[in-house]
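In full-length UniProt numbering, the protein residues as written are 1 to 351.
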């Protein structure tokens, strides 16, 4: 094969995990919105430089824009070679892409190949990759989803984490979305990815699953925080086998106190989130919950939230949205110790 080779995403996909590096040659802002999972950002033009060259292109012409852009491109690629890849051996195999698979990735792939590395350029760039992801999520592979159901605080997320830890196949949508899936689900200091990045992460997980083995997933709603689960994936989940996790009210309160410790330490942040429930519960009830949070009555507040908000919402929606829930296994947790979750996970993994 002559390098740099220009290949379609369909040709690259079977070998995607074999590349030593996936290099996104787009700007920092483009990379932040979405990228091929596992890619590193090595901009051929940074955000400011791209605006400068693009403005010249529109206002003056292609020739003048290229005269300004070429030295910037050359300097940036040289810096990346010196700082990122100077120690790479001759058989180091990178995949390079930009927005459309044109000048930016072409320039980088050309130089990498001239050095002697077997560089591959993605034909069609990020746009070709994104089209593949969108099509794949519209018709996802047939997988044996096992949907872990249960009221808020019953330990669904911990069970998924434990299943993942013992080698089961897990699609943890809340982890991918950086959100716990409720009005209080925002994770401190961890912003949610963009919608496109969320879809990329889901696609990347789905493509790696063995269809002969079950895939455990939580009974999510259509939205996890601000992000929407792809419709076809949600439809498959909602028609799948369910497992109902059961835990006593007392232990659910304990578990939520542990999981939402950041709110216990910052009642003002908690009260800001509770304000989103005014339309459902009225100002007087929210003010009463504010007072409980301010007064340190957190176990009592969590108990009321379960009884008056979370449990009724769950019961209204679960039978309607997950049609197999009444036929599923009921799995009772005696406590919330690590051993309890390990035992439950091993039981499900072995089934």
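No residue lacks a Cβ here, since even glycine has one placed at the ideal position from N, Cα and C.
Remember, predicted model here, so these are calculated numbers, not experimental data.
Please list the terminal residues of the continuous beta strand (DSSP E) segment that includes residue i.
i           : result
residue 5   : 5-7
residue 331 : 329-332
residue 325 : Element bounds for residue 325: n/a, residue is neither H nor E.
residue 14  : First-last for residue 14: undefined, no H or E at that position.
residue 191 : Residue 191 -> no beta strand (DSSP E), and no H or E assigned at all.
residue 218 : 214-218
Quick one: what's got a C-beta closer than 7 angstroms to residue i's C-beta in the same chain, skipping five residues either side?
i           : result
residue 237 : 145, 147, 217
residue 106 : 121
residue 325 : 149, 242, 244, 318, 319
residue 189 : none
residue 209 : 143, 169, 215
residue 195 : 227, 228
residue 203 : 133, 136, 137
residue 192 : 177, 178, 179, 225, 226, 227
Closest to residue i by CA distance: which of the options is it?
i           : options            : result
residue 15  : 93, 98, 295        : 93
residue 313 : 90, 221, 22, 170   : 221
residue 253 : 315, 268, 310      : 310
residue 39  : 7, 112, 200        : 200
residue 118 : 62, 142, 3, 158    : 3
residue 156 : 319, 255, 20       : 255
residue 34  : 115, 47, 129       : 129
residue 223 : 328, 174, 49       : 174
residue 235 : 143, 249, 300, 169 : 143
residue 303 : 341, 289, 71       : 289
residue 28  : 17, 41, 179        : 41
residue 47  : 133, 73, 300       : 73
residue 19  : 202, 96, 231       : 96
residue 154 : 247, 345, 85       : 247
residue 334 : 230, 249, 227, 233 : 249
residue 348 : 166, 202, 13       : 166
residue 257 : 351, 301, 78, 81   : 301
residue 102 : 178, 336, 134, 24  : 24
residue 85  : 98, 116, 59        : 116
residue 233 : 286, 136, 98       : 136
residue 78  : 98, 114, 90, 321   : 114
residue 30  : 125, 286, 268      : 125
How should residue i be labelled, buried or exposed, when 16 other C-beta atoms within 10 angstroms of its C-beta is the threshold for buried?
i           : result
residue 266 : exposed
residue 225 : buried
residue 323 : exposed
residue 354 : Shown here, the chain extends from 1 to 351; a query on residue 354 therefore has no answer.
residue 108 : buried
residue 343 : exposed
residue 315 : exposed
residue 340 : buried
residue 151 : buried
residue 111 : buried
residue 131 : exposed
residue 282 : exposed
residue 205 : buried
residue 278 : exposed
residue 337 : exposed
residue 280 : exposed
residue 63  : exposed
Please report the residue range of the alpha helix (DSSP H) in which residue i lies.
i           : result
residue 200 : 195-208
residue 317 : 311-321
residue 299 : 298-305
residue 341 : 338-350
residue 280 : 278-281
Starting from the C-beta of residue i, find all residues in its chain whose C-beta is less than 8 angstroms away, skip the five residues before and the five after it, and write them out in chain order.
i           : result
residue 68  : 52, 53, 56
residue 7   : 120, 121, 122, 123
residue 197 : 33, 34, 35
residue 172 : 157, 160, 161, 164, 217, 218
residue 404 : Only positions 1 to 351 of the chain appear in this structure, which leaves residue 404 out of reach.
residue 345 : 159, 162, 163, 165, 166, 168
Going by beta carbon distance, what residues of the same chain come within less than 6 angstroms of residue i, once the five residues before and after it are set aside?
i           : result
residue 65  : 53, 56, 57
residue 76  : 44
residue 270 : 263, 293
residue 364 : The structure shown does not extend to residue 364, since the chain spans only 1 to 351, so no value can be given for it.
residue 298 : 264
residue 296 : none
residue 50  : 27
residue 21  : 94
residue 231 : none
residue 329 : 243
residue 307 : none
Does the ligand SAM have even one heavy atom less than 7 angstroms from the beta-carbon of residue i?
i          : result
residue 74 : Absent from the structure shown: the ligand SAM. Ligands present: none.
Query - Ranges of the alpha helix (DSSP H) found wholly within the UniProt domain "Rhodanese" (22-138), counting only runs of at least 4 - result: The UniProt domain "Rhodanese" (22-138) contains these whole alpha helix (DSSP H) runs: 28-33, 47-59, 62-84, 103-115, 125-138.
Query raised in the report: Which runs of the alpha helix (DSSP H) spanning at least 4 residues fall entirely within the region 138-174, listed in chain order?
Result: If we require 4 residues or more, the alpha helix (DSSP H) runs fully inside the region 138-174 come out as 156-165.
Requested in this report: Identify every run of the alpha helix (DSSP H) within the region 227-270, keeping only runs that are complete inside it and at least 4 residues long; order them along the chain.
Outcome: The qualifying runs are 231-238, 249-259, 261-264.
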